């Protein structure tokens, strides 16, 4: 091995330069890949690239075929019917049919954000990192798919294609009739048992239903999991379990209220002087 050392003096200091000829220190090593594993390139990247191309083509074709001309300038003296928010907010606007604005526009969006932020702190399952699996993460995947596809995407689809003048329901093949009137009477929950929802007794019953829903929904599964000595409960702990259960029950409360409104015409479950649920 040839070695050449040169020392140069620069501003009262010596600097040693050494040049070594020889093989590189970095060595190539073939990665050991088991039969159940595939490298990311080109197998995964190729499929993702094809998926992006197909989705892009579909969006281009849809944007060309869809008749969406620019409308005239807004007129403060004329309110459009239906007055729809941008498509990505139509899920929240659809919630206004079943909830007061403070719930649909404030509470639910905050719970969505808080819930997504809490996932890394309450998720104790290390499986699924770096590979796709459903069997090992059933609860997490099913909960996310239900919340995203059913409680968000479906509400957006309903707001875009099913809601017409007066925010009434129109099927896609039906013509919008701005003069259509649908008579519908909604009742508070306590009215079904002959109790005024604004009375003290109605206030107590409504509060008991709402609080009991969360209390029983958190307590009963906890007792069952503890009796079975669940490993998941042991890893979660009481605090993380309570957070997960509260967020899950809040998510499930949305379709429950929608069902009560559509089937039994229930307007409010709990009526108070300050808020209504």
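Residue numbers (my numbering): 926 to 1202.
Glycine residues also receive a C-beta, built at the ideal position from the N, C-alpha and C atoms.
Just so it is clear, the structure is predicted and the values come from calculations on it, not from any experiment.
Whether residue i touches residue j by CB criterion (8 Å)
i	j	result
residue 1174	residue 1200	no
residue 1090	residue 1098	no
residue 1122	residue 1131	yes
residue 1165	residue 1047	yes
residue 1171	residue 1143	yes
residue 1066	residue 1073	no
residue 1028	residue 1202	yes
residue 1114	residue 1191	yes
residue 1168	residue 1010	no
residue 1069	residue 1182	no
Residue i (DSSP reduced to helix, strand or coil)
i	result
residue 987	helix
residue 1184	helix
residue 1105	coil
residue 1023	coil
residue 1098	coil
residue 1112	strand
residue 1003	coil
residue 972	helix
residue 1175	helix
residue 1059	coil
residue 1157	helix
Cross-strand partners of residue i (DSSP beta bridge)
i	result
residue 1201	1196
residue 1169	For residue 1169, which the question treats as bridged, DSSP gives no partner whatsoever.
residue 1088	1094
residue 1191	1112
N- and C-terminal bounds of the alpha helix (DSSP H) containing residue i
i	result
residue 1141	1125-1152
residue 1035	1033-1047
residue 1028	Careful: residue 1028 lies outside any alpha helix (DSSP H) and carries neither H nor E.
residue 1082	1079-1082
residue 922	The requested residue 922 does not occur in the structure, where the chain is confined to residues 926 to 1202.
residue 1065	1063-1070
Pairwise C-alpha distance: residue j and residue i
i	j	result
residue 988	residue 1005	23 Å
residue 928	residue 966	Residue confidence for residue 928 is low, a pLDDT of 48 falling below 50, so the modelled location carries little weight; the figure read from the coordinates is stated next. Answer to the nearest angstrom: the Cα atoms are 41 Å apart.
residue 1095	residue 1087	5 Å
residue 1152	residue 1049	21 Å
residue 1083	residue 1127	33 Å
residue 1079	residue 1016	8 Å
residue 1180	residue 1076	8 Å
residue 976	residue 982	10 Å
residue 1124	residue 1197	9 Å
residue 1189	residue 1119	15 Å
residue 978	residue 969	14 Å
residue 1111	residue 1141	27 Å
residue 1147	residue 1081	34 Å
residue 1161	residue 1155	10 Å
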